[in-house]
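Undergrad: In our numbering, the protein residues as written are 6 to 128. The C-beta atom is built at its ideal place from N, Cα and C for all residues, glycine as well.
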Amino acid sequence: ERRKARKYVELVRAQRVGPVNVDEAHDDGDLTMIAVPHNCVGFVTGSQGNFLRTCEEEWGTLMFFCDYQGPSTDGMGGAERLAIFGDLKGRCGAELKVMAAIETKLPGYYTTNLGDTHSWDEW
């Protein structure tokens, strides 16, 4: 736990001075990465980071964008990587909240290709 706490402190401090590079070495079973479309980054961040901070507080996670390159200039969109650190339950909740925000901004982003699903409990 001390190692994770030290890692989180180092990541937050690095974030204060510039882009943070997160790779597999940072994953101690406490990391989820999600791709956020460029045109949703501001929406997901919220005013002065308010949306991300609210998610962190609600789900007990640490969240930030990795290696943010700024808005896409190629017209193709692209995506930024959002790192979510915390326990599995918190990461899943925060990820779903971010996915819902993306779906709000870009209707159909996640739901366009959904088909009928069945629960094994129904059988």
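1) Determine whether the beta carbon atoms of F48 and L67 lie at a separation below 9 Å.
2) By the three-class DSSP mapping on this structure, what secondary structure does T37 have?
3) Apart from the five residues just before and just after T122, which ones in its own chain have a Cβ nearer than 8 Å to its Cβ?
4) Quick check: the Cα distance between M81 and M104, rounded to an integer number of angstroms?
5) DSSP three-state call for L67: helix, strand or coil?
6) Tell me whether the beta-carbon of V25 lies closer than 9 Å to the beta-carbon of A88.
7) For C45 and K110, I'd like the C-alpha separation in whole angstroms.
8) Do you know offhand how far E61's Cα is from G120's?
TA: Result, derived from the coordinates:
1) no
2) strand
3) none
4) Since pLDDT at M81 reaches only 46, below the 50 mark, its modelled position is unreliable, and the value read off the structure follows with that caveat. Roughly 20 Å separates the two Cα atoms.
5) strand
6) yes
7) Here the alpha carbon of C45 sits roughly 7 Å from the alpha carbon of K110.
8) 31 Å
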